[in-house]
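*Asks:* Residue numbers (this note's numbering): 1 to 246.
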Amino acid sequence: MKKRILFLVAFIYWAHLSAQQMVINGRILFERRENLHKQFENEKGDWAQEWLKRIPKYQTDIFELVFTKSKSYYYLKTEDESNSFSWGRVAHDNLVLTDFNSKHYTSYKNIFDKSYVVDDSLAVFKWKLTGEYRNIAGYDCRKATTIILDSIYIIAFYSDQIAVKGGPESFNGLPGMILGLVIPRINLTYFATKVEAVAVTDAELQPAKLPKKAKPVNRKNFMSEIISALADWGAYASRVFWKAFL
């Protein structure tokens, strides 16, 4: 009888502790890091070498993800202005609004001189969980992988201590918040640097000002338009296409 009582007390304590540690709303700062030099590694000619001398190897921007159990708002908080290559970057300042209840998202994207607002149902990712773990921003995270656009390998690290199936950009669907994202094909990483478990108001889940003159499209139409626009871009078209659909 005593053993049963002790077990029950221990179980209640563990459940209470787990509930205290479980995060369902707050703010996350992500460091988005892009290797700019890799974009020119297959280019030949003196112009490429000269250009590499002018730009830093990495561009590091800071994004913030504000979230609750039902919604999230992801946006560029601080842009790295230390180089002059910003004009050549693709969809690097995305703004994403996600509704987990309705499984719907709205993403504002800048693709060179054009702006789009992609409004559609959440993308479905076929995640494969692995037995690898790492600690990110103080949270134990499990590794998962998937493939998008037929050939782009994605590595994610999620924590089930944050009970929201979201993450940076439009990535979602894992049993917890994605705190780390690696996309080797385009030399791009996203890692959380700070997580704050704080109350979030409805007003904080909406941008103060939405971009103007953005063309409304769904995911399919957006894909068709970008493919058409890149028809004459040659080998560089693939890299632009991949970044556009994150």
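Built from N, CA and C at the ideal position, the CB exists for glycine as well.
Output yes or no for whether 8 Å exceeds the beta carbon distance between Gly180 and Ile162.
*Replies:* Residue mapping note: residue 180 aligns to position 180 of the sequence shown, counting from 1. Residue mapping note: residue 162 aligns to position 162 of the sequence shown, counting from 1. Their beta carbons are not under 8 Å apart, which means Gly180 does not touch Ile162 by this criterion.
*Asks:* For Pro216, does the three-state DSSP call read helix, strand or coil?
*Replies:* Reading the sequence shown from its first residue, position 216 is the one you call residue 216. Strand.
*Asks:* For Ala192, which beta-bridge partners are listed by DSSP?
*Replies:* As a working mapping, residue 192 is identified with position 192 in the sequence shown. Phe30.
*Asks:* Report all residues from its chain with a CB closer than 8 Å to the CB of Thr78; omit the five preceding and five following residues, and keep chain order.
*Replies:* The residue labelled residue 78 in the question sits at position 78 within the sequence shown. The answer, listed in chain order, is Asp61, Ile62.
*Asks:* Checking the sheet assignment: what are the DSSP bridge partners for Gly234?
*Replies:* Reading the sequence shown from its first residue, position 234 is the one you call residue 234. Per DSSP, none; premise fails for Gly234.
*Asks:* In angstroms with no decimal places, state the Cα-to-Cα distance between Glu169 and Asn94.
*Replies:* In the sequence shown, residue 169 corresponds to position 169, counting from 1. In the sequence shown, residue 94 corresponds to position 94, counting from 1. Near 7 Å, if we compare the C-alpha coordinates of Asn94 and Glu169.
*Asks:* Quick one: Cα of Asn221 to Cα of Tyr108, how far?
*Replies:* Within the sequence shown, the letter at position 221 stands for residue 221. Within the sequence shown, the letter at position 108 stands for residue 108. Approximately 14 Å, taken between the alpha carbons.
*Asks:* Does the Cβ of Ser174 have 16 or more other Cβ atoms within 10 Å, making it buried, or fewer, making it exposed?
*Replies:* Translated into positions along the sequence shown, residue 174 becomes position 174. The sequence shown places Leu at residue 174, rather than the Ser named in the question. Buried is the call here.
*Asks:* Looking only at its own chain, which residues have a Cβ that is under 6 Å from the Cβ of Ala130, when we skip the five neighbours before and after it?
*Replies:* Here the question's residue 130 lines up with position 130 in the sequence shown. A small correction: the amino acid at residue 130 is Thr; Ala does not occupy that position in the sequence shown. So the list reads Lys143, once near-sequence residues are dropped.
*Asks:* Less than 8 Å separating the beta-carbons of Phe157 and Ile178?
*Replies:* Sequence index remark: in the sequence shown, residue 157 carries index 157 (1-based). Sequence index remark: in the sequence shown, residue 178 carries index 178 (1-based). Cβ distance < 8 Å, so Phe157 and Ile178 count as in contact.
*Asks:* Take the Cβ of Gly166 as the centre, count every other Cβ of all protein chains shown within 10 Å, and call the residue buried at 16 or more, exposed below.
*Replies:* Working through the sequence shown from its first residue, we reach residue 166 at position 166. Buried, because 16 or more other Cβ atoms sit within 10 Å of the Cβ of Gly166.
*Asks:* Which whole-angstrom value describes the C-beta separation of Gln216 and Asp119, a residue pair presumed to lie in contact below a C-beta threshold of 8 Å?
*Replies:* Start at 1 with the first residue of the sequence shown, and residue 216 comes out as number 216. Start at 1 with the first residue of the sequence shown, and residue 119 comes out as number 119. Correcting the residue type first, residue 216 is Pro in the shown sequence and not Gln. About 6 Å separates the two Cβ atoms, so the contact holds.
*Asks:* Apart from the five residues on each side of it in sequence, which residues of its chain come closer than 7 Å, Cβ to Cβ, to Ala137?
*Replies:* Along the sequence shown, read from residue 1 onward, the residue named residue 137 stands at position 137. Within the same chain, Ala137 has close Cβ partners Leu179, Ala192, Thr193, Lys194, Val195.
*Asks:* Look at the alpha carbon of Ala214 and the alpha carbon of Ser159, and state the distance between them as a whole number of angstroms.
*Replies:* The sequence position of residue 214 within the sequence shown is 214, counting from 1. The sequence position of residue 159 within the sequence shown is 159, counting from 1. Roughly 34 Å between the two C-alpha positions.
*Asks:* Since Lys243 and Ala91 should fall inside the 8 Å C-beta cutoff, what is the C-beta to C-beta distance between them, to a whole number of angstroms?
*Replies:* In the sequence shown, counting from the first residue as 1, residue 243 sits at position 243. In the sequence shown, counting from the first residue as 1, residue 91 sits at position 91. Right, their Cβ atoms sit about 5 Å apart.
*Asks:* Give the straight-line distance between the Cα atoms of Arg54 and Ser82, rounded to the nearest whole angstrom.
*Replies:* Mapped onto the sequence shown, residue 54 falls at position 54. Mapped onto the sequence shown, residue 82 falls at position 82. Cα to Cα, Arg54 sits roughly 11 Å from Ser82.
*Asks:* Residues in the same chain with beta-carbon distance under 6 Å from Arg33, minus the five sequence neighbours each way, listed in chain order, please.
*Replies:* Here residue 33 is taken as the residue at index 33 of the sequence shown, counted from 1. Once the five neighbours on either side are set aside, the close Cβ partners of Arg33 are Tyr58, Thr60, Thr189.
*Asks:* Where are the beta strand (DSSP E) runs, 3 residues long or more, that stay fully inside the segment 42-119, in chain order?
*Replies:* Runs of the beta strand (DSSP E) inside the segment 42-119: 58-67, 71-78, 95-99, 104-111.
*Asks:* Please confirm whether Ile24 and Lys69 have their CB atoms less than 8 Å apart.
*Replies:* Residue mapping note: residue 24 aligns to position 24 of the sequence shown, counting from 1. Residue mapping note: residue 69 aligns to position 69 of the sequence shown, counting from 1. For Ile24 and Lys69, yes; Cβs fall inside 8 Å.
*Asks:* Whole angstroms is fine: what's the gap from Leu210's alpha carbon to Tyr75's?
*Replies:* The count along the sequence shown starts at 1 and reaches residue 210 at position 210. The count along the sequence shown starts at 1 and reaches residue 75 at position 75. Distance between the alpha carbons of Leu210 and Tyr75 is about 11 Å.
*Asks:* Taking only the alpha-carbon atoms, compute the straight-line gap between Pro184 and Tyr133 and give it to the nearest angstrom.
*Replies:* Residue 184 sits at position 184 when you count from the first residue of the sequence shown. Residue 133 sits at position 133 when you count from the first residue of the sequence shown. Straight-line Cα distance between these residues: approximately 19 Å.
*Asks:* Work out the CA separation of Ile148 and Arg219 for me, nearest whole Å.
*Replies:* One-based indexing of the sequence shown puts residue 219 at position 219. One-based indexing of the sequence shown puts residue 148 at position 148. The alpha-carbon atoms of Arg219 and Ile148 are separated by roughly 14 Å.
*Asks:* How would you call Tyr73, buried or exposed, if buried means at least 16 neighbouring beta carbons within 10 angstroms?
*Replies:* Translated into the one-based positions of the sequence shown, residue 73 becomes position 73. Label assigned to Tyr73: buried.
*Asks:* Output the distance between the C-alpha atoms of Trp233 and Ile227, rounded to the nearest integer angstrom.
*Replies:* In the sequence shown, residue 233 corresponds to position 233, counting from 1. In the sequence shown, residue 227 corresponds to position 227, counting from 1. Approximately 10 Å between the Cα atoms of the pair.
*Asks:* Once the 5 residues before and after Trp117 are set aside, which same chain residues still bring their CB inside 6 Å of it?
*Replies:* As a first step, residue 117 is located in the sequence shown; it is residue number 117 there, counting from the start. Correcting the residue identity first, residue 117 is Val in this sequence and not Trp. Correct list, in chain order: Tyr108, Ala214, Pro216.
*Asks:* By the three-class DSSP mapping on this structure, what secondary structure does Val182 have?
*Replies:* One-based indexing of the sequence shown puts residue 182 at position 182. Val182: strand per DSSP, three-state reduction.
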